[in-house]
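First the structure, in the form of structure tokens, and then the observations on it.
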Amino acid sequence: MVFLESFYIPLLIAHLIATGVLLGSMTHNLVYVIGYLRGRFGPKRREARQAAIMWWSYAVTYGIGALIYPAFRVHVRHEYLDAHLPWATGIFEVKEHWGALAVAILCAYWAVRRAFDPEEDRALLWVYAPWCFLFNAIIWYKTIIGGLLTILRGYWQ
Amino acid sequence: MTRRDAKVIGWSVFTIATGAMYAAATLFGIPLLRYYPLEHVWRWGSQPGAPSQGWYAHQAVALVAGALCGAAAYALCSRVLGGDRPRSPAFWRACGLAVTAALLASMAYMLYHEFHKWGVLV
């Protein structure tokens, strides 16, 4: 019996729900940050709130993903993907590597957001905005690939 | 340099160093602690044939290395280069471009490594 194998489906659904919250918050946050780059600073408090929701929802998503990884590694990747669809293993591995990098980006993003005012310190947007774009790109890649892998082999018999 | 500027530089160095360490561990094949889910044990290095997970230790090593570098950069900027004059917009433009380029390079290397290893797009 692999670690948490019996709880794989409920945890996978919880992972999906947390991902939905993350996608919503980070996309809202991205829209606000694009607004900053265009000189619109009205929704600063909402943007900061979305950044906090991003942080917590990514922590939950990431934590659940780490918990279900052993069962996925054995029953999906080892028993099926590695043997029959090695390209799928390749795109999955990129997802995991970029996800680890996204942890660092999001920690920095949140910490810097708490330390500056986008309207008063506009020059810092040169550092802040790229983190936002990169984080969004990574999470959208992870979501699309995660969905594709679930279609290919979401569960085992 | 203000304390806030030192903080932003520290976090910037943290992201760059985490990405660089993560890529370097892959590039140089540094043996890491791996979890063997069928046996429920942790062991150093990879055993052929047995499914194992190096991702937990891989990211932990990268994040710890990144945190050490970031803390060192913060300490250097706030104590050695102290003062209260904020950095110029040109400095932050260069900093943002450097951080973005470094992160994209780390991501590109990971993509290349895995696509090459697993025969994606070949």
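For the record, the sequence lines run as chains A and B.
Here my numbering = 1-based position in the first sequence + 958.
Here my numbering = 1-based position in the second sequence + 500.
Every residue, glycine too, gets a C-beta built ideally from N, C-alpha and C.
Predicted model, so just to flag it, every value in this text is computed and none were measured.
Where the beta strand (DSSP E) containing Tyr536(B) begins and where it ends: 533 to 536
Assigned exposure category for His1042(A) - 16 Cβ within 10 Å defines buried: exposed
Contact check, Gly596(B) vs Thr502(B), beta carbons under 9 Å: no
DSSP three-state assignment for Val1034(A), whether helix, strand or coil: helix
Buried or exposed (CB count within 10 angstroms, at least 16 for buried), Gly510(B): buried
Chain A contacts from the segment 525 to 541 of chain B (Cβ-Cβ distance under 9 Å): Thr526, Tyr535, Pro537, Leu538, His540
Element boundaries [beta strand (DSSP E), containing Trp544(B)]: 541 to 544
CB contact check: Ser546(B) to chain A, cutoff 9 Å: no
Within-9 Å CB hit, Ser588(B) to chain A: yes
Collapsed DSSP secondary structure at Gln559(B) in the structure displayed: helix
Opening and closing residue of the alpha helix (DSSP H) in which Gly1104(A) lies: 1083 to 1111
Test item: CB-CB of Asn1094(A) and Leu995(A) under 9 Å: no
Met984(A) classed as buried or exposed, judged by whether at least 16 other C-beta atoms fall within 10 angstroms: buried
Alpha-carbon spacing of Ser645(B) relative to Ile1103(A), whole angstroms: For residue 645(B) there is no data in the structure shown, the boundaries of chain B being 501 and 622.
is_contact[His1036(A), chain B] using C-beta, thresh 9 Å: yes
With 16 other Cβ atoms within 10 Å as the buried cut-off, status of Met959(A): exposed
Alpha-carbon to alpha-carbon, Leu581(B) and Val1052(A): 38 Å
C-beta contact flag for Ala575(B) and Gly519(B) at 9 Å: no
Neighbour list for Cys577(B) in chain A, Cβ cutoff strictly below 9 Å: Neighbours of Cys577(B) on chain A: none; closest Cβ ~13 Å, over 9 Å.
Leu621(B) classed as buried or exposed, judged by whether at least 16 other C-beta atoms fall within 10 angstroms: exposed
Residues, ordered as in the chain, of the segment 1034 to 1059 of chain A that lie near chain B by beta-carbon distance below 9 Å: Arg1035, His1036, Glu1037, Asp1040, Pro1044, Trp1045, Ala1046, Thr1047, Gly1048, Ile1049, Phe1050, Glu1051, Val1052, Glu1054, His1055, Trp1056, Gly1057, Ala1058, Leu1059
Among Ile967(A), Trp1056(A), Phe1091(A), nearest to Gln559(B) - alpha-carbon criterion: Trp1056(A)
Rounded C-alpha distance that separates Leu611(B) from Pro1076(A): 33 Å
Limits of the unbroken alpha helix (DSSP H) element including Gln547(B): No alpha helix (DSSP H) contains Gln547(B), which DSSP labels as neither H nor E.
Residues near Gln1008(A) in its chain [Cβ-Cβ closer than 6 Å; skip 5 each side]: Ser983, His986, Asn987
Neighbour list for Thr518(B) in chain A, Cβ cutoff strictly below 7 Å: Leu1059, Ala1062
Endpoints, the alpha helix (DSSP H) within which Val508(B) is located: 503 to 527
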